[in-house]
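Report on the structure given below.
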Amino acid sequence: MWLSDAPREVQEKHGPMSALAKRQRAWLVVAFFVAIIGVVGLSLVQMMTL
Numbered sequence: 454m455w456l457s458d459a460p461r462e463v464q465e466k467h468g469p470m471s472a473l474a475k476r477q478r479a480w481l482v483v484a485f486f487v488a489i490i491g492v493v494g495l496s497l498v499q500m501m502t503l
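Residue numbers (our numbering): 454 to 503.
Laid out in structure tokens, this is it:
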């Protein structure tokens, strides 16, 4: 669930995203992207060796 999709009460309780959370989100996106590319790449390499 995205933060902007949360109910208004939840958004008001937790407030806007902090600068630290924004930086952490950026690193997390990079880590997930690298992991996805790695899994796809490894799958292709294994498929080619069959």
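We put the CB at the ideal spot given by N, CA and C, even for glycine.
Exercise. Can you tell me where the alpha helix (DSSP H) with L481 in it begins and where it stops?
Worked result: Within the sequence shown, residue 481 is the residue found at index 28, counting from 1. Where L481 is concerned, the enclosing alpha helix (DSSP H) stretches over A472 to M501.
For this session: Please report how far the alpha carbon of M470 lies from the alpha carbon of I489, in whole angstroms.
Result: As a position in the sequence shown, residue 470 is number 17, starting the count at 1. As a position in the sequence shown, residue 489 is number 36, starting the count at 1. Across the structure, M470 and I489 are spaced so that their CA atoms are roughly 26 Å apart.
For this session: Have a look at A474 and W480 and give me their C-alpha separation to the nearest angstrom.
Result: Within the sequence shown, numbered from 1, the residue matching residue 474 stands at position 21. Within the sequence shown, numbered from 1, the residue matching residue 480 stands at position 27. In a straight line, the C-alpha of A474 is about 10 Å away from that of W480.
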